[in-house]
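Okay, structure first, notes after.
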Amino acid sequence: MCILTDIYKEQGQYHLAKSSLRQALEVAHSSILPFWQFKITFQLADVHASDKELKAATEVLEMGERFAEQCGSHYMKCLLPLAELWHL
0 MCILTDIYKE
10 QGQYHLAKSS
20 LRQALEVAHS
30 SILPFWQFKI
40 TFQLADVHAS
50 DKELKAATEV
60 LEMGERFAEQ
70 CGSHYMKCLL
80 PLAELWHL
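Okay, so the sequence shown: first residue is 0 according to numbering that gives the first Met the number 0, each after it adds one.
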């Protein structure tokens, strides 16, 4: 997913990058794969930030925070707000 997203970003096709990442996020969520959910969450927030959609990037990271809390990942729960600061 990372390579495809990078290609879309390089071509300025942010809508395709966001769409493919959202689909991947749904698959990761339904498969209960927390590592991939976090990785894709960061990628999706990065694409939103690259597309100058800072509010959407923040919302994606907040969604990741809620997921981190649900699965009991204290490390990710701390890391996601730091990522929000980095994007702002």
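Cβ atoms here follow ideal geometry from the backbone N, Cα and C, with glycine treated the same way. These figures come from a predicted structure and were not determined experimentally.
For Met75, the closest of Pro33, Leu20, Thr4 and Lys8 by C-alpha to C-alpha distance is Pro33. CA-to-CA, the gap between Ala55 and Phe41 works out to about 12 Å. The beta carbon of Cys70 lies closer than 8 Å to those of Pro33 in the same chain, with the five residues before and after it left out. For Gly63 and Gly11, the gap between their C-alpha atoms comes out near 25 Å. Beyond the five residues adjoining it in sequence on each side, Leu79 comes within less than 7 Å, by CB distance, of Leu60, Gly63, Glu64 and Ala67 in the same chain, given in chain order.
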